[in-house]
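Shown next, in C-alpha cells, is the structure this report addresses.
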Amino acid sequence: MPHALLLKYPGTNCDAETERALIAAGFSTQVQPIATALPEHVRKAQLVVFSGGFSYGDYVMSGRLAQLETERFLGDALHKHFANGGFLFGICNGFQILTKLGILPKASLIWNKSERFECMWDKLVKVAPNSPYTTYLPAEFELPSAHAEGRLVCEPGDAQKYLEGGCVALQYADNHNGSELRIAGLQDPSGRAMGLMPHPERFLRPRHHYDPDWAGDPDWGWGYYFFKGAFDALK
Amino acid sequence: MATYRTIPVRELSEAELTRLSQDMKLSLSTEDMLVVQQIFCEIGREPTDVELEVIAQTWSEHCKHRIFAATVTHTTDAGTEEIHSMYKTFIQRPSKEIMAKKPGFVLSCFVDNAGFIRLDDRLSVCLKAETHNHPSAIEPYAGANTGLGGVIRDILGAGKGAKPIANLDVFCFGAPDTPQEMVEGHNIIHPLGIMRGVVHGVRDYGNRMGIPTTSGAIQFDPTYIYNPLVFCGTAGVIPQTDIAKEMKPGLAVVVIGGRTGKDGLHGATFSSAAMGEASHVEDQTAVQIGNPIEEKKTLDVILEARERGLIEFVTDCGAGGFSSAAGEMLSETGGNLYLERAPLKETNMLSWQIFLSESQERMVLAVKPENLGELQRLADTFQTEMTVLGESDDSGVLRVWHNGELVCELDNSKLHDAPTKKLTSVFKASPALTGVTLDDSHLTADLKQLLGDFAIVSREPIIREYDHEVQGNTVLKPLAGASADAPQDASVIDIDGSEKLMSLALAILPEWGKTDPYAMGTGTVDETVRQLVLAGTNPEKIALLDNFCMGNPECPTELGRIVECAKGIREAALAYGAPYVSGKDSFYNYFETEDGPVNIPVTFLCSGFGVVEEQEHVHGMSLRRNDSVIFIVGNTEDEMGGSVYARVKGVKDCKVPQTDCAKNFSVYKTYYDKALTQGLVLSAHDLSEGGLAVAAAEFAFSGKGGLTLDLDKLPTVGGWKNLAVPCFAESTGRFLVEVDADLADDFEAAMAGTPCARIGSATAGDELVITAGGAPVVQAKIADLKNIWKHGLTPYY
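From first to last, the protein sequence lines are chains A and B. Read in this note's numbering, the first sequence has 56 at position 22, and its numbers run on one by one without any break. Read in this note's numbering, the second sequence has 1403 at position 130, and its numbers run on one by one without any break.
Here it is in C-alpha cells:
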C-alpha cells in the first residue's frame, strides 16, 4: 500500500483533513511534526505531503522558515526522495513551502492583488496532461481557496516557459489573486511534484460544495480525485 | 530588589481605603475595601500587594459577575419586586428546570469553561462566547485578536481539553460612514478604523489557528461609537469521558505555551470600569499582544496530551492570569507555586505582575508527576515551552513563593464570597403605538433603501477574510447560492467520527431593547431557535448562550432594561426547552464625555447550538429552483417597532414584535417532525431584519430563479392598515419555505393547524414581484436588488 508522510510545522492547520483525504484514497499515512522528523520517515514514504496552514505564522515570506527548518531536520532527504522517483504534493502553505525548497520550478507566492486574505471557491482549468494528480479530473472544475499570499510571480519570461514546458498543472478561470498567466498550480516536468493554492482536501464529498444542488459526482467531490490519482499512479 | 511590598490596610479610614483602591487601580468599591480590611484584621497581619491584586481580580465584575449576582430592587408600573441574583433567577433556575426534563442532554454546565451537550453516544459538543470590548476600543486589532485567542483557550481548557471546531464573531460598531465631527474627544478611533482593526484581528487569529469562522453578525448604531462591542465565540468537540476533571493533591502544576510579560496587566479590573479619554493613554498595558502560532502549538500539545490520558486538570490563563488559573485549580486542594520558575518575556517583573499578568497563549495543566516526562517530550515535539510552576497539596491554602519568600498566602474559600451588591432598577414601558400612518406608495424604492442599509447589506467582504472552510467540515456555509454569495444565517459543522452534525446560530436585536427589552429578549431567543431549526437542528436538542452588554448598571433606568430583558429570556428558554449552558456579561460600556455619559443600548446576544440528526436534514437557506412553491409560516402583525424600516424612515414609538414563544415552538416542532424530516422541504429562509420583502430578496439572491409573492395571503391576526407592514414588519416566528410543486399539498397538510400559507412561487423570470389586491406593489430585477445589497460595505471595507 502506498505510504504518505505529511510534515507538520508549528502553524500547519490542514493536516487532519488532508490526512483524511489521503486515507480515503487508500494511502497509509503518518503525520510527523518537523521537530521529530527523520530522513527514515521520508525513505518509507512514496508521497510526501505539505498541507495548508501558516507555518511559523508566515510572518516573513510564507514558507521560508519552514524551508529552513526542513533543511535543518531532514537535510537533503526530500531531494533524494524526489530524485529516486518519489512524489511530493504541496497544498496552499505547502505549495509555498515546496516552492521555497526548490523542488518546483522557481516562483514566488506573494500577497494577492487585493492585498487581502480571500476565502472563496475558484474555477480551475486543467493544463498539463501528464499530472498524476489531475488524471481523473474534468477539463474544468471547482475547488475552495483560502489564502492571502497566493499570487504567483516569476522572473520575467519564466511563466511562459513553464506553460510551454508542461510545468503549469492548473490555471484559474478567473484569477482572483492576480497570478501570472493565471497559474494556480505548478509541477515539475514529470508531474511527480505538484503544488497548488486551492484546497482539494476541503472538497472531499459532494456535501462540501456550497450549492446543495451541485451536479457533479454523486460520491466524491473533485478534491478527492487529486489523492486518488496520486494513489493509483503509485500503487 | 524586593519584588513585593506589604501594604498596611488595617488602620486605614474609609476615605483612605477608597484612595488606596484608586491608586492601585483595584476597581474595588469602598464597601469591598472594608471587607478586605476585615479579612486581614481576622488573619492578623497586613496584606501584600500581591494579595490585594488577587482579591481585586477575584472580585472584579469581569471574573465574578457581581451585577448579575446582586440583589436588585426592580420597579415597574406593576409594582416593586426584589430580585435575588438575576443570574440565578432568570438564567440558572430555568435552565436547571429544563435540564431536569431532558436528562442526559446537557452533560456539564455552569462549572467549567463552557457548557457541553450530548452529540451522540460517544461525543459531546460545547460552545462559549466572550466579549473583549474595552481592549477593542483602545487597540482594535490586538483587542479583537486576543479576544478570539482567549475564547479559543476557554474551549481548550473545557473538560480535559476540547478541540475547537468553529468560531463565531459578532460586532457592534458606529456606522463606517459616521462623520468625523460626530466622534468627540481625543484618541477616539473612528468606527471605520475600529471595524477594520477588529476584523483583521479576528482574521489573523482565527485563520492562523485553523478554526473556521462560520457565523457572525454586525450591528451599526451611533451609541457604539465610543464603546464598540466585540463578541467572540468558539465551539468545541470532546469525548464524553473527557469532560469531567478533578484536582487532587500531589499533582504537578504546569504552564504550557507563551511567556509571561507586562502586557495585559489589570485587564480584569480595567474591563470592569467605565472608559474615558484617559483610558486611551493610561490603559494601554491592559491590552495583550496575541501570537496565534504560540497558541496553535499549545493546542497541538493539549489535544495530543488529552488523547494520551496525560491531563488530570486543565484551565486557561485568561483574565487574572496565573492568579485565576491557580485559584480555579488549587482553591480546594491548596498548593504551592514558585513565581521565579515562570518563563518571562522581560526581567524586573514584580511578584504581582508575574502572578496577575494576562499575557496570552498560556494554559495551566495539572499532571501526575510520572507523566511529566512524556508531556515534556510532546512539548518538545511541537516546539513549545513547558514549565513546572508548582504542585498541589492537601492544605487547602494557596501559597505563592517568589525567590524563597512567601508573597501571597490566602485561604481561597474566604475570597470567593465577594460582598453582594445592592442595586435599584426602574422600567417604564413606552407607549408602543400601532397603526401609525406610513407612506406605502414607494415600496420598491423602500426595499432598495433597506437592502442598501448597513443593517442589511451583505457582509461578504468581511466573511471572505475569514477562512470559513478550514478543517473541511463546514457543511452549511455563511455564503450560499449558485455563485456562493447569497446569505445563510446558520451554519452546520460535520463532526469527525459521528453521523451527527452540530449547528450554530445567533441573533442580536439591540434596537428592540430601546423600547421593549422584554420583547428583545424573547424575540432574540426566538430568532436563534428558528434559524437552528431551519438549518436542520432537532428542536429538542438545542442549547443557548446568553451574552449581555450594557452601560452603567448603577443607572436605574439602564439596569431596568436588562432586568426586563432577562425576564424575557427566562420565559423564552422555558418555552423552547432550550437551557442556557454558558454565558457572560460585560458592564460599564459607557463613555464619559463633556455632555455626560454615552451608554450603549442594552445588548443581548443569543447564540445557540444544537444537534442535526443527519446530513439529509440540512437544506440550506437559499432558493434552489425556479418552479417551486413558496410558503410562509407564522403570522405577520402591525409591529414596526425596532424594525430596520422604522430606523431608516425615522418612525418612532411603534410596538416592537411580541413573541408567543410556546406557540412558535409548537409550530417549529410541527415543521421539523412533519415536513423537514419527511423530505418535504427544499430550503427555508427566516424572516428577520427587513421583514418579508428583504427575506424574499435574500432568498432569491441564490441566482436560481425569480419570485412572485402575494401579500393578500399572508396569515395575520390583527391585520394592518398599510402595506409597508406586511412588506417590512419584523414579526417573529416567521419563515419562508420552498417546496417542490408536487409536494405542496403534502406540505400544506403537514403544517395543518399552524399559521402557514402558500403565498407564491419561484419563477423562471428574473424579478421579485410582490402583489397586493392583484397588483404589483414591489417589482424589481433581482440582479438590481442584489447589486445594491452585495456592494453596500465594499466602499468602506
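Note that the Cβ used here is the ideal one computed from N, Cα and C, for glycine as well. Keep in mind that this is a model prediction, so the values were computed, not measured.
Which of the three DSSP states is assigned to B/Glu1354 in this structure? One-based indexing of the second sequence puts residue 1354 of chain B at position 81. In the structure shown, B/Glu1354 sits in a strand (DSSP, three-state: E or B).
Could you give the distance in angstroms between the alpha-carbon of B/His1473 and the alpha-carbon of B/Gly1745? For the purposes of this step, residue 1473 of chain B is taken as residue 200 along the second sequence, with counting starting at 1. For the purposes of this step, residue 1745 of chain B is taken as residue 472 along the second sequence, with counting starting at 1. One C-alpha to the other measures close to 22 Å.
Would you call B/Gly1377 buried or exposed, if buried means 16 or more other Cβ atoms sit within 10 Å of its Cβ? Counted from its first residue, the second sequence places residue 1377 of chain B at position 104. Exposed, since its Cβ has fewer than 16 Cβ neighbours within 10 Å.
What is the C-beta distance between B/Asp1393 and B/Ser1771, in whole angstroms, given that I count them as a contact (C-beta under 8 Å)? Start at 1 with the first residue of the second sequence, and residue 1393 of chain B comes out as number 120. Start at 1 with the first residue of the second sequence, and residue 1771 of chain B comes out as number 498. With a Cβ gap of about 5 Å, B/Asp1393 and B/Ser1771 count as contacting.
Given a threshold of 16 other Cβ atoms within 10 Å of its Cβ, counted over all protein chains shown, does B/Lys1701 qualify as buried or as exposed? Mapped onto the second sequence, residue 1701 of chain B falls at position 428. Classification for B/Lys1701: exposed.
With 7 Å as the threshold, decide whether the Cβ of B/Pro1740 is near any Cβ in chain A. Numbered from 1 along the second sequence, position 467 holds the residue referred to as residue 1740 of chain B. The sequence shown places Asp at residue 1740 of chain B, rather than the Pro named in the question. So yes, B/Asp1740 belongs to the interface.
Tell me, please, whether the CB atom of A/Gly250 is closer than 7 Å to any CB atom in chain B? Residue mapping note: residue 250 of chain A aligns to position 216 of the first sequence, counting from 1. Chain B, which has no Cβ nearer than 7 Å to the Cβ of A/Gly250, makes this no.
Check whether the region 47-64 of chain A and the region 94-114 of chain A touch, using three or more Cβ-Cβ pairs below 8 Å as the test. no
Interface residues of the region 1878-1909 of chain B facing chain A [CB-CB below 9 Å]: Gln1888, Val1891, His1892, Gly1893, Ser1895, Arg1897, Arg1898
Using 8 Å for Cβ pairs, my map puts B/Cys1838 next to B/Val1875. What's the rounded Cβ distance? Walking along the second sequence from the start, residue 1838 of chain B turns up at place 565. Walking along the second sequence from the start, residue 1875 of chain B turns up at place 602. At roughly 6 Å, the Cβ-Cβ gap stays under 8 Å, so B/Cys1838 and B/Val1875 are in contact.
Checking the sheet assignment: what are the DSSP bridge partners for B/Cys1399? As a position in the second sequence, residue 1399 of chain B is number 126, starting the count at 1. Paired residue(s): B/Phe1389, B/Gly1509.
Within chain B, partners of A/Trp254 - CB distance below 8 Å: Here the question's residue 254 of chain A lines up with position 220 in the first sequence. Per Cβ cutoff of 8 Å: no residues; A/Trp254 is ~13 Å from chain B at best.
List the residues of chain B whose Cβ lies closer than 7 Å to the Cβ of A/Phe151, in chain order. Numbered from 1 along the first sequence, position 117 holds the residue referred to as residue 151 of chain A. Correct list: Arg1476, Asn1480, Glu1738.
Any C-beta of chain B sitting closer than 7 Å to the C-beta of A/Asp247? Counted from its first residue, the first sequence places residue 247 of chain A at position 213. It does: the Cβ of A/Asp247 has a partner Cβ on chain B nearer than 7 Å.
According to DSSP, simplified to helix, strand and coil, what is B/Pro1437? Position 164 of the second sequence, counting from 1, holds the residue named residue 1437 of chain B. Strand, per DSSP.
Under a CB-based cut-off of 7 Å, is B/Gly1483 close to chain A? What you label residue 1483 of chain B is simply residue 210 of the second sequence in a count that begins at 1. Judged by the 7 Å Cβ criterion, B/Gly1483 is in contact with chain A.
Can you say whether B/Pro1452 is buried or exposed, counting buried as having 16 or more other CB atoms within 10 angstroms of its CB? If you number the second sequence from 1, residue 1452 of chain B lands on position 179. Exposed, because fewer than 16 other Cβ atoms sit within 10 Å of the Cβ of B/Pro1452.
Answer with buried or exposed for B/Thr1514, where buried requires no fewer than 16 other C-beta atoms within 10 angstroms of its C-beta. The sequence position of residue 1514 of chain B within the second sequence is 241, counting from 1. B/Thr1514 is exposed by the Cβ-count criterion.
Taking the alpha-carbon positions, what's the A/Pro73 to B/Val1510 distance? The sequence position of residue 73 of chain A within the first sequence is 39, counting from 1. The sequence position of residue 1510 of chain B within the second sequence is 237, counting from 1. So the alpha carbons of these two residues sit roughly 35 Å apart.
Beta carbon proximity, A/Trp155 to chain B, threshold 7 Å: For the purposes of this step, residue 155 of chain A is taken as residue 121 along the first sequence, with counting starting at 1. A/Trp155 counts as touching chain B.
Of all Cβ atoms in chain B, is any one closer than 7 Å to the Cβ of A/Ala100? Within the first sequence, numbered from 1, the residue matching residue 100 of chain A stands at position 66. No, because no Cβ of chain B sits closer than 7 Å to the Cβ of A/Ala100.
Of the choices B/Gly1979, B/Tyr1945, B/Leu1583, whose alpha-carbon is the least far from that of B/Lys1641? Taking the second sequence and counting its residues from 1, the one referred to as residue 1641 of chain B is at position 368. Considering only alpha carbons, the answer is B/Leu1583.
Leaving out five residues before and five after B/His1347 in sequence, what residues of the same chain have Cβ atoms less than 6 Å from its Cβ? Here residue 1347 of chain B is taken as the residue at index 74 of the second sequence, counted from 1. Excluding residues within five positions, the ones whose Cβ falls inside 6 Å are Glu1354, Ile1356, Ser1698, Val1836.
Three-state class that DSSP yields for B/Ser1294 in the structure shown: Within the second sequence, residue 1294 of chain B is the residue found at index 21, counting from 1. Three-state DSSP puts B/Ser1294 in a helix.
Is B/Leu1679 buried or exposed, if buried means 16 or more other CB atoms sit within 10 Å of its CB? Counting from one through the second sequence, the residue named residue 1679 of chain B turns up at place 406. Per the 10 Å Cβ criterion, exposed.
Integer-rounded CB distance, given that B/Asp1762 should sit under 8 Å from B/Gln1804: The count along the second sequence starts at 1 and reaches residue 1804 of chain B at position 531. The count along the second sequence starts at 1 and reaches residue 1762 of chain B at position 489. The Cβ separation is near 5 Å, so the contact holds.
Cutoff 7 Å; reference B/His1338; Cβ partners in own chain excluding five residues on either side: Taking the first residue of the second sequence as 1, we reach residue 1338 of chain B at position 65. Only Tyr1360, Asp1858 meet the Cβ criterion.
Are the CB atoms of B/Val2010 and B/Val1967 within a distance shorter than 7 Å? One-based indexing of the second sequence puts residue 1967 of chain B at position 694. One-based indexing of the second sequence puts residue 2010 of chain B at position 737. No.
Quick check on B/Cys1934: does DSSP put it in helix, strand or coil? Taking the first residue of the second sequence as position 1, residue 1934 of chain B is located at position 661. Looking at B/Cys1934 - three-state DSSP - the assignment turns out to be helix.
Strictly below 8 Å CB to CB, what residues from chain A border B/Phe2008? Against the second sequence, residue 2008 of chain B aligns to sequence position 735. Those do not exist, as B/Phe2008 stays about 17 Å from chain A at its closest Cβ, beyond 8 Å.
Is there contact here, the region 2027-2038 of chain B with the region 1730-1738 of chain B, by at least three beta-carbon pairs under 8 Å? no
Unbroken beta strand (DSSP E) runs of length 3 or more, entirely within the region 1932-1992 of chain B: which are they? 1956-1959, 1979-1983
Who are the neighbours of B/Gln1656 on chain A, taking C-beta pairs under 7 Å? The residue given as residue 1656 of chain B occupies position 383 in the second sequence. Here the neighbours are Pro44, Ala69.
Which first and last residues belong to the beta strand (DSSP E) in which A/Gln205 is found? Locating residue 205 of chain A in the first sequence gives position 171, where the first residue counts as 1. Segment 202-206, the beta strand (DSSP E) holding A/Gln205.
Tell me the residue span of the alpha helix (DSSP H) that contains B/Leu1807. Your numbering for residue 1807 of chain B matches position 534 in the second sequence. 1790-1807 is the extent of the alpha helix (DSSP H) around B/Leu1807.
Between A/His210, A/Arg226, A/Trp155, A/Gly87, which has its C-alpha nearest A/His242's C-alpha? Stepping through the first sequence from its first residue, residue 242 of chain A is reached at position 208. Ranking A/His210, A/Arg226, A/Trp155, A/Gly87 by Cα distance to A/His242 puts A/Trp155 first.
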